[in-house]
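Q: Line order of the protein sequences matches chains A and V. Taking my numbering, the leading residue of the first sequence gets 1, the next gets one more, and so forth. Taking my numbering, the leading residue of the second sequence gets 162, the next gets one more, and so forth. Virtual Cβ for every residue (Gly too), placed ideally from N, Cα, C. Attaching a single structure in structure tokens format; questions to follow.
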Amino acid sequence: MGVSGGSVVAVAEAPDSRSLIAALNYNFAKYAHWPRDEEQQSIHLCFFTERFKQSFAGLQDKAIFNKPVKVRQLSQIEQSRDCHLVYIDRSERSLLRRLFLFLQDKPVLTVSDITGFSDEGGMIEIFRVNNKFRFKVNQSRIESARLKMSSQVLKLAVEVK
Amino acid sequence: MRLASRLLTAGFILSSSALPSVVSADETTPFDLSLQQLLETEVTSVSKQAEPLSNAAAAVYVITAEEIRQRGFRSIPQALRDVPGLHVAQIDSQKWAVSSRGFNGRYNNKMLVLMDGRSLYSPEFSGVYWEMQDTLMADIERIEVIRGPGAAIWGANAVNGVINIMTKHSAETLGGYAELGTGDYQQGFAGFRYGGRLADGVSGRAFIKAFKRDELTFDSQDVDAAAATQIRDAGSDNDWWSQHAGGRLDINLGASASLMLSGAAYESQMTQSVAIPTLDAPFQAYPNIDSDSRGWHLLADYSKALSASSQFNLKTYIDHAKRDERLFGFSRDSFEIEFSHEWEAGKRHDLLWGMSYRHINNSLTTNPIVFGTDSSNEATNLWSLFVQDQITLQPDALWLTLAARFEHHPYVDFEWQPTLRLSWQPHQQHRLWTAVSRAVRTPSLVENDYQINVGNLAPMSTFNPGPVVNRLNLLGNSAYDSEEIKSFEAGYRYSSEDQFSLDTAVFYNDYDHLRSFHMAEVDTSNLPAFISTRSAFANQAEGYNYGLELSANWLIADNFKLRLNYALTRSHFKGGQTQNTDAPEQIAALTANWQLNPELDFNATWRYVDSSDSIDPVQVSNQSVAAYHGVDLGINWQISKQVILSAHGRNLFYGSHIEYKSELFSIPYRVEPSFFAKLTVAF
């Protein structure tokens, strides 16, 4: 396993796949640019289900370009208005139509592990191949939402369209 | 009814998502890893994180796709077998009896079953033909089992429970899948599915499957000597084969709308023994006959978001089912259209309302045993309107749900089926709920205007001192009304941080206007050949039952899980019983799941089912089935990335035993230990 800059040591408190998903979201946010992002005071990372509460909690008050990260659990789609990034997990497929309709013209980065997410109008789709996480990027959706994603992310994507 | 289904989403099972062993230089969190490092982190074993507790103010249990795969369930009744509070019993090779909270039977009329929103409930005899309900088991996303009344949302006949079978979105089944297996009871089975992305935002899949299952054994000790001789002469074959093909298409229509189309067709060829009354001594015959059933359906389900807080759904299907059978043959065409709308009105109200129309056209085969008052086809129109408001009384802590369904059924006119549910979360780890509901079971076609010759009494016998045969006929009655339940339920859920979770429910059900018979007339017009005693269906029986159901999960180690499901039911019914009111007093199932390494998992289930009774319409006393145990074992070995080899044993270590004696026209069969091996290939 060729990990850049690390030796093979297992972490004492091993994180679960949900923490890894939260970490992926954190990385996507690090390499994303929002319109007028120099004016933002903080970066809001949002998610939908209770299931991810514990994992996302670890991101609270981390920083992205010196701006503090604020984590928020959403219960209604309208609350996604103030988010920079929204993660929606696969148990919430039934919310997709309303979410896409609502975010159509808003600069909010959408991330999910729902299969087909990037085809259906989502921006970043996380999936698993042989027990490792991979992701696809729907670049045209990202651009039409006036967002920019760094080439650091795009070059690691399995698919960019 | 997406919202309803979402509201009832349980997720009580401890997570089976994977635990990665992260590789890094120092003790660190995944947030310190770079994107590239995250992508190189391997996910290796089971997670310790518990699923959040369900908010549902109902007794809900979910069978996941993962459990179906691990335990190698080959049919839907088998998957339901160890659900707490369900009594699942095999009658012969094809037939099953499935119920919750009593009233089990080949024709259990108090449980509604749906697949992707399509009703699988047969209105001819009121019940579900489990042998005709199938799909590729690997395409099932989840099976939600709701015990207790669900009629306020799902409609009449959801008296003691609702089972929702949901298939996977076709984006989840891309690529090829093949399965092939053989065993003793499962003589041979094969299934093949292929799914693909057909265009941007369009995915689909198609499957075919077929199986041949061996018969269950008839043992002459299980019937009286005269019957045993007749059955031996006529044969007791009950093997069968079935084939099934279908598919599903999911289409995105812009950002805000989606359309799902699905369809399937099946055919089954079955052999069965029936016990039918005759006019000549010994007044009962046991012919071994063939039956054939076929069917198909097409379903369309359209969803459109109107705003961030509002979405509607339009669903329609046509369904054809035909059963060529000497006694209970029928042909049915159903059409249903349902509109529903969910709307988050402000921060407090989550509304769901809708209406539906169902048209059913059915014709029953008329024969000397089951015959109609007129032979024409019967058309039934059902109209309904439903509304639900889930009110947040206190954010994240207290919810009140009010719901009711108004239905018009031609036999009984208007019915209203309300429910009131309260859910309270005093603490992150504890949930409490309670519910009060009313639901009805509407009359079947047979109960309304058919006659059934349930048995013949021999001349000069205990109950027929006269010199000629007495034919016992049950007479349909158009004044026969709905059966009614008033149900009181409560539940408690607990989850420790990571290792233990518990879901319990208690219930008290009060039943009124239950089916009874009253002697209508003695027809002597056929003398000297025979006389007929006709008893008409009436609503004079009543009673109550109460009980406790629990499901407890322990995550003993990262790779070892234990689950105990248990139900206790007590029943008190008055008046002549005309259905199997009493549930087995205790049912338990203990399941262990052990992931030996990433390639090998092992599961074992021990179950106990208490003795049960079923009515015998001719005899005064009930037929009883002794309590039994059984063990299921399963092992799945991931040989390569594409190939899994599995072996399963069922009903082990107890020998052959009867699980159920059907209430009408059936002979008892014994379930025996069985084995099968299966090869699964994904490509």
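(1) Taking residue 364 (chain V) as the query, report the chain A residues whose CB atoms sit under 9 Å from its CB, ordered along the chain.
(2) Under 8 Å by Cβ, that's how I've got residue 297 (chain V) and residue 354 (chain V) pegged, so tell me the actual separation to the nearest angstrom.
(3) Excluding five sequence neighbours on each side, which residues of the same chain lie with their C-beta closer than 7 Å to the C-beta of residue 330 (chain V)?
(4) Just grab the DSSP bridge partners of residue 691 (chain V) for me.
(5) Between residue 28 (chain A) and residue 460 (chain V), what straight-line distance do the alpha-carbon atoms span, to the nearest angstrom?
(6) Cβ of residue 587 (chain V) less than 8 Å from any chain A Cβ?
(7) Please go through the same chain and pick out, in chain order, the residues whose beta-carbon is closer than 6 Å to the beta-carbon of residue 812 (chain V), but skip the five residues on each side of it.
(8) Given a threshold of 16 other Cβ atoms within 10 Å of its Cβ, counted over all protein chains shown, does residue 125 (chain A) qualify as buried or as exposed?
(9) Should residue 26 (chain A) be flagged as near chain V, meaning a C-beta pair shorter than 8 Å?
(10) List the endpoints of the continuous alpha helix (DSSP H) containing residue 390 (chain V).
(11) Does the beta-carbon distance from residue 303 (chain V) to residue 366 (chain V) come in below 8 Å?
(12) Counting only Cβ pairs nearer than 9 Å, list the residues of chain A close to residue 802 (chain V).
(13) What residues in the region 449-481 of chain V bring their beta carbon closer than 9 Å to a beta carbon of chain A?
(14) Got a sec? Which residues, its chain only, sit under 8 Å from residue 328 (chain V) by beta carbon, not counting five neighbours each side?
(15) Within 10 angstroms of the Cβ of residue 112 (chain A), are there 16 or more other Cβ atoms? Answer buried if so, exposed if not.
(16) What do you reckon, are the CB atoms on residue 573 (chain V) and residue 494 (chain V) nearer than 8 Å?
(17) Give me the chain V residues within the contact set of residue 62 (chain A), using Cβ-Cβ distance strictly less than 7 Å, ordered along the chain.
(18) So, with DSSP's three-state summary, where would you put residue 817 (chain V)?
(19) Whose Cβ in chain A lies nearer than 8 Å to the Cβ of residue 510 (chain V)?
(20) Could you list the residues in the region 412-437 of chain V with a C-beta less than 7 Å from some C-beta on chain A, going in chain order?
(21) Nearest to residue 359 (chain V) by CA position, among V:338, V:332, V:385, is which residue?
(22) How is residue 19 (chain A) classed by DSSP in three states: helix, strand or coil?
(23) Name the chain A residues that come within less than 9 Å of residue 155 (chain V), Cβ to Cβ?
(24) If you reduce the DSSP assignment to three classes, tell me which class residue 334 (chain V) lands in.
(25) Could you work out which residues of chain V lie near residue 153 (chain A), taking near to mean beta carbons separated by less than 9 Å?
(26) Using a Cβ-Cβ distance cut-off of 8 Å, determine whether residue 72 (chain A) contacts chain V.
(27) Near residue 5 (chain A), what residues of its chain come up, given a Cβ to Cβ distance below 6 Å and the 5 sequence neighbours on each side ignored?
(28) Do residue 767 (chain V) and the ligand SAH come close, with the Cβ less than 7 Å from some heavy atom?
(29) Strictly below 8 Å CB to CB, what residues from chain A border residue 330 (chain V)?
(30) Where residue 38 (chain A) and residue 64 (chain A) are concerned, what is the direct C-alpha to C-alpha distance, given to the nearest angstrom?
(31) Within 8 Å (strictly less), CB to CB, does residue 50 (chain A) reach chain V?
(32) Give me the Cα-Cα distance between residue 252 (chain V) and residue 377 (chain V), rounded to the nearest whole angstrom.
(33) Report yes or no: is there a C-beta of chain A within less than 8 Å of the C-beta of residue 306 (chain V)?
(34) Could you check if residue 102 (chain A) is buried or exposed, using at least 16 other CB atoms within 10 Å of its CB as the buried criterion?
(35) Enumerate, from N- to C-terminal direction, the unbroken beta strand (DSSP E) stretches of 3 or more residues contained entirely within the region 353-385 of chain V.
(36) Which residues share a DSSP beta bridge with residue 476 (chain V)?
A: Taking the coordinates as given:
(1) Within the second sequence, residue 364 (chain V) is the residue found at index 203, counting from 1. Per Cβ cutoff of 9 Å: 115, 116, 119.
(2) Numbered from 1 along the second sequence, position 136 holds the residue referred to as residue 297 (chain V). Numbered from 1 along the second sequence, position 193 holds the residue referred to as residue 354 (chain V). Their Cβ separation, rounded to whole angstroms, is 6 Å, which keeps residue 297 (chain V) and residue 354 (chain V) in contact under 8 Å.
(3) Stepping through the second sequence from its first residue, residue 330 (chain V) is reached at position 169. Only 411 meet the Cβ criterion.
(4) Counted from its first residue, the second sequence places residue 691 (chain V) at position 530. In the DSSP output, where bridge partners are listed per residue, residue 691 (chain V) has V:630.
(5) As a working mapping, residue 28 (chain A) is identified with position 28 in the first sequence. As a working mapping, residue 460 (chain V) is identified with position 299 in the second sequence. Their backbone Cα atoms lie some 39 Å apart in a straight line.
(6) Here the question's residue 587 (chain V) lines up with position 426 in the second sequence. No, residue 587 (chain V) does not count as interfacial toward chain A.
(7) If you number the second sequence from 1, residue 812 (chain V) lands on position 651. Closer than 6 Å at the Cβ level, and outside the excluded window around residue 812 (chain V), lie 791, 832, 834.
(8) Within the first sequence, residue 125 (chain A) is the residue found at index 125, counting from 1. Residue 125 (chain A) comes out buried.
(9) For the purposes of this step, residue 26 (chain A) is taken as the residue at position 26 of the first sequence. It does; some Cβ of chain V falls within 8 Å.
(10) Taking the second sequence and counting its residues from 1, the one referred to as residue 390 (chain V) is at position 229. Where residue 390 (chain V) is concerned, the enclosing alpha helix (DSSP H) stretches over 386-395.
(11) Here residue 303 (chain V) corresponds to residue number 142 of the second sequence, with the count starting at 1. Here residue 366 (chain V) corresponds to residue number 205 of the second sequence, with the count starting at 1. Going by C-beta atoms, residue 303 (chain V) is not nearer than 8 Å to residue 366 (chain V).
(12) Locating residue 802 (chain V) in the second sequence gives position 641, counting from the first residue. Residues of chain A passing the Cβ test: 130.
(13) 464, 465, 466, 467, 468, 469, 470, 471, 472
(14) Working through the second sequence from its first residue, we reach residue 328 (chain V) at position 167. Counting only Cβ-Cβ distances below 8 Å, and skipping sequence neighbours, we find 276, 277, 296, 300, 301, 302, 409, 423.
(15) To locate residue 112 (chain A), count along the first sequence from 1; it is residue 112. With 16 or more other Cβ atoms within 10 Å, it is buried.
(16) For the purposes of this step, residue 573 (chain V) is identified with residue 412 of the second sequence, where counting begins at 1. For the purposes of this step, residue 494 (chain V) is identified with residue 333 of the second sequence, where counting begins at 1. Not in contact: residue 573 (chain V) and residue 494 (chain V) (Cβ atoms no closer than 8 Å).
(17) Position 62 of the first sequence, counting from 1, holds the residue named residue 62 (chain A). Correct list: 192.
(18) The residue given as residue 817 (chain V) occupies position 656 in the second sequence. Correct three-state label for residue 817 (chain V): coil.
(19) For the purposes of this step, residue 510 (chain V) is taken as the residue at position 349 of the second sequence. Residues of chain A passing the Cβ test: none, with the nearest at roughly 12 Å.
(20) 413, 416, 417, 418, 419
(21) As a working mapping, residue 359 (chain V) is identified with position 198 in the second sequence. Comparing Cα positions, the closest option is V:332.
(22) Residue 19 (chain A) sits at position 19 when you count from the first residue of the first sequence. Three-state DSSP puts residue 19 (chain A) in a helix.
(23) The requested residue 155 (chain V) does not occur in the structure, where chain V is confined to residues 162 to 844.
(24) On the second sequence, position 173 is the one that residue 334 (chain V) refers to. Here residue 334 (chain V) sits in helix by DSSP.
(25) Here residue 153 (chain A) refers to the residue found at position 153 when the first sequence is read from its first residue. Going along chain V in sequence order, the residues near residue 153 (chain A) (Cβ under 9 Å) are 196.
(26) If you number the first sequence from 1, residue 72 (chain A) lands on position 72. Not an interface residue.
(27) For the purposes of this step, residue 5 (chain A) is taken as the residue at position 5 of the first sequence. Because the pLDDT at residue 5 (chain A) is just 35, under 50, the model does not fix this residue reliably, and the point stays unresolved.
(28) As presented, the structure is devoid of all ligands, the ligand SAH included, so that no description of it is given.
(29) Looking up residue 330 (chain V) in the second sequence gives position 169. Those are 93, 115, 116, listed as they occur along chain A.
(30) In the first sequence, residue 38 (chain A) corresponds to position 38, counting from 1. In the first sequence, residue 64 (chain A) corresponds to position 64, counting from 1. So the two alpha carbons sit approximately 12 Å from each other.
(31) Against the first sequence, residue 50 (chain A) aligns to sequence position 50. Yes, its Cβ sits closer than 8 Å to a Cβ of chain V.
(32) By 1-based counting over the second sequence, the position of residue 252 (chain V) is 91. By 1-based counting over the second sequence, the position of residue 377 (chain V) is 216. Near 9 Å, if we compare the C-alpha coordinates of residue 377 (chain V) and residue 252 (chain V).
(33) As a position in the second sequence, residue 306 (chain V) is number 145, starting the count at 1. By this cut-off, residue 306 (chain V) is not an interface position.
(34) Numbered from 1 along the first sequence, position 102 holds the residue referred to as residue 102 (chain A). Counting Cβ neighbours within 10 Å, residue 102 (chain A) comes out buried, since at least 16 surround it.
(35) 363-374
(36) Numbered from 1 along the second sequence, position 315 holds the residue referred to as residue 476 (chain V). V:462, V:499.
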